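Everything in the sequence shown is counted per full-length UniProt numbering, starting at 1 for the first residue and increasing by one.
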Amino acid sequence: MQWCLYDKGDKVNKQLAWLERREQGRNWVAEIKDEAGGQHTTGEAIAEPFDAYYDQIYSSMAAHTNADCMELLGDLPLVELHAEDREVLDQDITVEEDQGPIMETRSGKAVGPNGLPVELYKCMANIVAPHMLAMFQAFRKEGTVPMDQKIATTVVLHKDGKPHNECGSY
């Protein structure tokens with residue numbers, strides 16, 4: 001309860017306490033409604049409606065056929081690549097190309113499921129990059145990305161003025 005530190009001070013500190021108290025109310029979800037209208041109040045039960053909500057949002061509803069794509073792209077003036085350009089684009093990724101995005105990633109980003117911060121990747125880029133490169137090359141060779149590489153953490157942030165118990169308010 002950080003706001004307690006400011007609550008007994010002068011006017012500025014009381015305003016800080018008010019702001020801190022206001023922010024603390026937004027840092028967790030107390031209850032959430034599912035699609036059927038049922039209320040959920042425990043952590044595991046709250047996660048289920050969010051999971052269903054985001055599955056629905058991120059799953060593709062539209063079924064596009066190749067004919068649809070060709071119709072869309074048919075009128076665009078597409079330039080055909082020269083053989084030399086295709087060869088350059090088909091070359092394997094290099095360690096230097098792998099290190100670039102590591103170093104350019106903004107510091108202070110939330111850690112992923114492995115718990116390793118961006119700053120660690122940056123200071124160990126010369127050690128990490130060759131291993132990441134081998135992993136990317138395996139993905140390219142196999143044509144798929146393993147499920148454990150698709151894991152992400154979703155942090156929900158409440159939208160001001162929206163009900164606190166609806167998934168769409170986050």
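Yeah, the Cβ is synthetic: ideal placement off N, Cα and C, and Gly gets one too.
Note that the structure is predicted; figures quoted are calculated from it, not measured.
How far does the alpha helix (DSSP H) with residue i in it reach, from first residue to last?
i: SER135; result: For the sequence presented, residue 135 should be read as Met rather than Ser. Looking at the DSSP string, the run of the alpha helix (DSSP H) that includes MET135 is 125-142.
i: MET70; result: 66-74
i: VAL95; result: 95-104
i: GLN56; result: 43-58
i: ALA83; result: 83-90
Drop a sphere of 10 angstroms on the beta-carbon of residue i, count the other beta-carbons inside from all chains shown, and report buried for 16 or more, exposed for fewer.
i: ASP85; result: exposed
i: VAL155; result: exposed
i: CYS167; result: buried
i: PRO101; result: exposed
i: VAL145; result: exposed
Assuming residue i contacts residue j (C-beta within less than 8 Å), just tell me the rounded distance between them.
i: ASP98; j: MET132; result: 6 Å
From the beta carbon of residue i, is the nearest beta carbon of chain E less than 9 Å away?
i: VAL29; result: Chain labels in this structure do not include chain E; a single protein chain is all it has.
Going along the chain, which residues of its own chain have a beta-carbon closer than 8 Å to the beta-carbon of residue i, five neighbours each way excluded?
i: VAL95; result: ALA129, PRO130, LEU133
Ignore the nearest five residues each way along the sequence and tell me which others in residue i's own chain have a CB closer than 6 Å to its CB.
i: THR41; result: GLU31
Query raised in the report: Should the region 50-58 be regarded as contacting the region 69-83, the criterion being three or more beta carbon pairs within less than 8 Å?
Result: Judged by Cβ distances under 8 Å, the region 50-58 makes no contact with the region 69-83, as fewer than three pairs qualify.
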